[in-house]
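Below is one structure, written out as structure tokens; comments come after it.
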Amino acid sequence: MERPIIHDTFRLSKPSVPATAADIPVADDLRDTLLANRASCVGMAANMIGKNVRIIVFLQMGTPAEMFNPKIVSHTGPYETTEQCLSVPGSHNVTRYREINVEWQDRNFKTHRSRFVGLSAQIIQHEVDHLEGILV
Numbered sequence: 019m020e021r022p023i024i025h026d027t028f029r030l031s032k033p034s035v036p037a038t039a040a041d042i043p044v045a046d047d048l049r050d051t052l053l054a055n056r057a058s059c060v061g062m063a064a065n066m067i068g069k070n071v072r073i074i075v076f077l078q079m080g081t082p083a084e085m086f087n088p089k090i091v092s093h094t095g096p097y098e099t100t101e102q103c104l105s106v107p108g109s110h111n112v113t114r115y116r117e118i119n120v121e122w123q124d125r126n127f128k129t130h131r132s133r134f135v136g137l138s139a140q141i142i143q144h145e146v147d148h149l150e151g152i153l154v
């Protein structure tokens, strides 16, 4: 189900708690909300729809991908860029990394470790910042 986007910076600035199997419906709502906003959005974190759990969904080659409890375990190749966000109006200058390694769980809570580069890496970094309560 599509959910409204949260703009309350107080709520968005709270770090998220680990996701559990009870939060799988949150991932479904997050995916639906991302797809409904895909014209202006390529990734979302659960706190953007009012759920303070560690789940992100992002478009990877046009297809929604989800991560439960993602953690960036390494990164290389820093660069400066400008980003926008549905929850926080305006453009924001940030430092990102060209390549990241992420440890995360799927919806069956099987742990994975994957390498991401380029735009996918940038999107994941933005959404993991949301989970940490960092507003961009």
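19 is the number of the first residue of the sequence shown in this note's numbering; add one for each residue after it. We put the CB at the ideal spot given by N, CA and C, even for glycine.
- Buried is the label assigned to Phe86, since at least 16 other Cβ atoms lie within 10 Å of its Cβ.
- Spatial neighbours of Ile24 in its own chain (CB-CB distance under 8 Å, excluding positions within 5 residues in sequence) are listed in chain order as Leu30, Asn65, Met66, Ile67, Gly68 and Ser105.
- Counting the other CB atoms within 10 Å of its CB gives Val91 a total below 16, which places it among the exposed residues.
- Residue Asp124 holds the alpha-carbon nearest to the alpha-carbon of Ile74 among Gly136, Arg133 and Asp124.
- In the structure shown, the three-state DSSP call for Arg131 is strand.
- Counting along the chain, Val146 sits inside the alpha helix (DSSP H) bounded by residues Gly136 to Leu149.
- For Ala54, the secondary structure class from DSSP, reduced to helix, strand or coil, is helix.
- Its chain contains His93, Thr94, Gly95, Arg133, Phe134, Val135 and Ala139 as the residues whose beta carbon lies nearer than 8 Å to that of Glu117, once the 5 sequence neighbours on both sides are disregarded; these appear in chain order.
- If you keep only unbroken beta strand (DSSP E) runs of at least 3 residues inside the segment 39 to 92, you get 61 to 63 and 73 to 78.
- Per DSSP, Arg29 is one residue of the alpha helix (DSSP H) stretching across Thr27 to Leu30.
- In the structure shown, the three-state DSSP call for Asn126 is coil.
- In this structure Val71 touches Asp41 by the C-beta definition: roughly 5 Å separates them, less than 8 Å.
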